[in-house]
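Here's the structure we're looking at; comments come further down.
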Amino acid sequence: MANDEQNLIDYNLQDLNQDGIDRRGFLKCMAWAGTGLVWTLSGGIPVSRAFAKNAGKSTDFAFAQISDSHMGFNKPANPDVVATLQAAIDKINRLPNPPEFLLHTGDITHLSRPEQFDNVDQILKSASAKDVFFVPGEHDVLDDNGKAYLERYGKSAQGSGWYSFDKKGVHFIGLVNVMNLKSGGLGSLGSEQLEWMEKDVKHLKHSTPIVVFAHIPLWTVYPEWGWGTEDSAQALAYLKKFGSVTVLNGHIHQTMQKVEGKVTFHTAMSTAFPQPQPGKADSPGPMKVPAEQLRSVLGITDVNYVRGQHSLALVDSTLG
Amino acid sequence: MPLIIALLLLAGSLNVSANDQPPSGAEVKIDNFSFGPQTLTIPAGATVTWTNRDDIPHTAVSDGVFKSKAMDTDEKFSHTFEKPGTYAYYCSLHPKMTGKIIVQ
Numbered sequence: 001m002a003n004d005e006q007n008l009i010d011y012n013l014q015d016l017n018q019d020g021i022d023r024r025g026f027l028k029c030m031a032w033a034g035t036g037l038v039w040t041l042s043g044g045i046p047v048s049r050a051f052a053k054n055a056g057k058s059t060d061f062a063f064a065q066i067s068d069s070h071m072g073f074n075k076p077a078n079p080d081v082v083a084t085l086q087a088a089i090d091k092i093n094r095l096p097n098p099p100e101f102l103l104h105t106g107d108i109t110h111l112s113r114p115e116q117f118d119n120v121d122q123i124l125k126s127a128s129a130k131d132v133f134f135v136p137g138e139h140d141v142l143d144d145n146g147k148a149y150l151e152r153y154g155k156s157a158q159g160s161g162w163y164s165f166d167k168k169g170v171h172f173i174g175l176v177n178v179m180n181l182k183s184g185g186l187g188s189l190g191s192e193q194l195e196w197m198e199k200d201v202k203h204l205k206h207s208t209p210i211v212v213f214a215h216i217p218l219w220t221v222y223p224e225w226g227w228g229t230e231d232s233a234q235a236l237a238y239l240k241k242f243g244s245v246t247v248l249n250g251h252i253h254q255t256m257q258k259v260e261g262k263v264t265f266h267t268a269m270s271t272a273f274p275q276p277q278p279g280k281a282d283s284p285g286p287m288k289v290p291a292e293q294l295r296s297v298l299g300i301t302d303v304n305y306v307r308g309q310h311s312l313a314l315v316d317s318t319l320g
Numbered sequence: 321m322p323l324i325i326a327l328l329l330l331a332g333s334l335n336v337s338a339n340d341q342p343p344s345g346a347e348v349k350i351d352n353f354s355f356g357p358q359t360l361t362i363p364a365g366a367t368v369t370w371t372n373r374d375d376i377p378h379t380a381v382s383d384g385v386f387k388s389k390a391m392d393t394d395e396k397f398s399h400t401f402e403k404p405g406t407y408a409y410y411c412s413l414h415p416k417m418t419g420k421i422i423v424q
């Protein structure tokens with residue numbers, strides 16, 4: 001393991017374009033995402049460090065991301081999504097820097113049913129972090145145009161549930177890209193939401209760290225499976241001026257990371273079931289793994305912010 | 321008159337059988353994130369029943385024409401097509417899934 005860690009650091013020193021970004025290293029790093037690799041942004045340039053070395057780093061605040069709990073799912077890929085969501089909360093409660101709040105990037109429920117939303121709320125009560133911020137997944141807005149979701153989680157939101165808030169100088173933007181999906185299309189933000197976003201960030205200082213969270217990835221991961229958002233380029237254009245932008249998504253039930261200039265894109269694992277890697281199966285449905293391996297493909301993302309460096313450390317860890 | 325109607329109905333149902341459809345109506349099976357058959361041709365007045373055999377919910381939506389509730393595994397949705405035409409539809413959860421009903 002130590003040898004691989006050293007290789008990883010050596011890879012990151014390979015800066016072929018001389019722009020501070022080592023592309024070959026990143027591709028290799030993505031394969032590590034499930035084992036607890038720490039990514040830190042320093043002045044917008046990502047640098048990876050072996051997890052152990054970073055453990056004692058002081059932090060201004062921390063939050064955790066969970067995603068795709070699919071409450072109500074009960075097929076062979078995971079017959080007990082309650083237990084795995086509880087395991088995810090237990091793990092978050094034991095993190096070295098206690099998270100101040102949680103982000104849930106959608107597919108809270110499997111079928112938008114009231115009892116499924118209730119179940120998740122019940123389990124989240126056991127989180128030490130009392131505040132949870134949500135954005136809906138397509139499974140949360142079935143049949144009613146998102147009415148049930150909005151009644152629960154859209155009180156201070158606009159439109160189909162978008163909103164923003166600030167924590168310790170970091171600006172968080174929750175976006176909804178799962179409504180009004182068009183035939184043959186990808187995720188979609190829509191002009192009303194984009195106009196709101198433009199105004200929302202217009203007067204922020206360039207030094208404000210930005211965290212955007214939405215269900216479907218805001219970069220094109222795999223269009224054949226609808227893993228992308230057709231109008232995200234417009235949203236990202238509004239964020240061009242900022243020195244540090246972190247985009248947190250879910251939907252694909254696996255970790256994936258991409259860096260483009262000062263923007264880091266990151267997707268979280270599901271707490272319910274994994275999905276295949278792009279193109280590695282006929283379709284992006286639930287992927288069955290041997291029961292004893294299930295918890296090793298489910299997980300959470302721990303995010304630590306250190307003020308003054310505009311750095312956000314993202315750590316993915318599995319449930320078992 | 322009723323005899324003529326009866327004969328026409330019989331002719332209609334025979335047509336359905338000739339197209340190799342089950343006499344009760346035309347069927348689309350949803351599995352593996354796809355509609356099967358992807359293109360289905362039916363006579364006007366026929367009913368199509370979608371059955372979800374996948375392990376994840378899907379819908380069948382044709383904007384302005386029909387919109388199913390989310391179908392979990394083994395759940396069904398039916399729509400009767402009175403007017404001839406070509407009806408493109410998709411799954412609103414996974415919009416890359418598309419299908420077509422041709423009503424003759």
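These protein sequence lines map, in sequence, to chains A and B.
When the letters of the first sequence are read in order and numbered with my numbering, they come out as residues 1 to 320.
When the letters of the second sequence are read in order and numbered with my numbering, they come out as residues 321 to 424.
Backbone N, C-alpha and C define an ideal beta-carbon position, used for all residues, glycine too.
- Restricting attention to beta strand (DSSP E) runs no shorter than 3 residues, the segment 210 to 260 of chain A encloses them at 210 to 213, 245 to 249, 256 to 260, ordered along the chain.
- Spatial neighbours of VAL170/A in its own chain (CB-CB distance under 7 Å, excluding positions within 5 residues in sequence) are listed in chain order as PRO209, VAL211, TYR305.
- Taking each of PRO76/A, LEU314/A, ASN74/A, PRO274/A in turn and checking the Cα distance to SER296/A, the smallest one comes out for PRO274/A.
- Judged by beta-carbon spacing, ASP68/A lies within the 8 Å limit of ALA272/A, meaning their Cβ atoms are closer than that value.
- Where GLU347/B is concerned, the enclosing beta strand (DSSP E) starts and stops at 346 to 351.
- Around the beta-carbon of ASP80/A, fewer than 16 other beta-carbon atoms lie within 10 Å, marking it exposed.
- Taking 3 residues as the minimum length, the beta strand (DSSP E) runs contained wholly in the segment 140 to 206 of chain A are 163 to 167, 170 to 174, in order along the chain.
- Separation of the CB atoms of ALA380/B and ILE362/B is rounded to 14 Å, and the pair is thereby denied contact status at 8 Å.
- Fully enclosed beta strand (DSSP E) runs of no fewer than 3 residues occupy 354 to 356, 359 to 362, 367 to 372 of the segment 353 to 391 of chain B, in order along the chain.
- Setting aside the 5 residues that flank it on each side, ASP375/B is surrounded in the same chain by THR393, each with a C-beta closer than 7 Å to its C-beta; the list follows chain order.
- The shortest C-alpha to C-alpha distance from HIS215/A to any of VAL315/A, PHE265/A, LYS205/A, GLU115/A is the one to PHE265/A.
- The beta-carbon of LEU142/A is placed less than 8 Å from the nearest beta-carbon of chain B.
- Under a 10 Å Cβ-count criterion, GLU138/A is classified as buried, with 16 or more other Cβ atoms of the shown protein chains found around its own Cβ.
- CA-to-CA, the gap between ALA281/A and ILE108/A works out to about 25 Å.
- Looking at the DSSP output, LEU312/A sits in a beta bridge with TYR305/A.
- Using a Cβ-Cβ cut-off of 8 Å, LEU181/A counts as an interface residue toward chain B, since at least one Cβ of chain B sits closer than that to its own.
- In terms of CA proximity to THR84/A, ALA291/A leads the group LYS258/A, ALA291/A, TYR149/A, GLY250/A.
- Shown here, GLN424/B sits in coil according to DSSP, grouped into three states, outside any helix or strand.
- Cβ neighbours of LEU204/A within its own chain (closer than 7 Å, five residues either side excluded): HIS171.
- The alpha-carbon of PHE386/B is positioned some 7 Å away from that of HIS399/B.
- Neighbours of TRP225/A in chain B, taken as residues at a C-beta separation under 9 Å, are given in chain order as PHE353, HIS414, LYS416.
- Partner residues in the beta bridge of GLY299/A, as assigned by DSSP, are THR318/A.
- Straight-line measurement puts the Cα of GLN234/A at about 16 Å from the Cα of LYS262/A.
- Only residues of its own chain outside the window of five on either side were considered, and among them LYS349, ILE350, ASP351, THR393, ASP394 have a CB closer than 8 Å to the CB of ARG373/B, listed in chain order.
- In the DSSP annotation of this structure, the continuous segment of the beta strand (DSSP E) that includes VAL263/A starts and ends at 263 to 267.
- Within the segment 125 to 138 of chain A, contact with chain B at the beta-carbon level (separation under 7 Å) is assigned to GLU138.
- In the displayed model, THR84/A falls within a helix according to three-state DSSP.
- For the pair ALA129/A and GLU195/A, the Cα-to-Cα distance works out to about 32 Å.
- Between the segment 143 to 151 of chain A and the segment 183 to 191 of chain A there are fewer than three C-beta pairs closer than 8 Å, too few to call the two in contact.
- For the pair GLY161/A and GLN424/B, the Cα-to-Cα distance works out to about 42 Å.
- In this structure, GLN277/A lies away from THR267/A, with their beta-carbon atoms at least 8 Å apart.
- Exclusion of the five residues before and after LEU95/A leaves ALA62, ALA64, ASP302 as the residues of its chain whose Cβ lies within less than 8 Å of its Cβ.
- Your pair GLY159/A and VAL135/A does not check out as a contact, with CB atoms roughly 12 Å apart and the cut at 8 Å.
- For ASP107/A, not one C-beta of chain B is nearer than 8 Å to its own C-beta.
- Listed in chain order, the non-local C-beta contacts of TYR153/A below 6 Å within the same chain comprise PHE134, local neighbours out to five positions each way being set aside.
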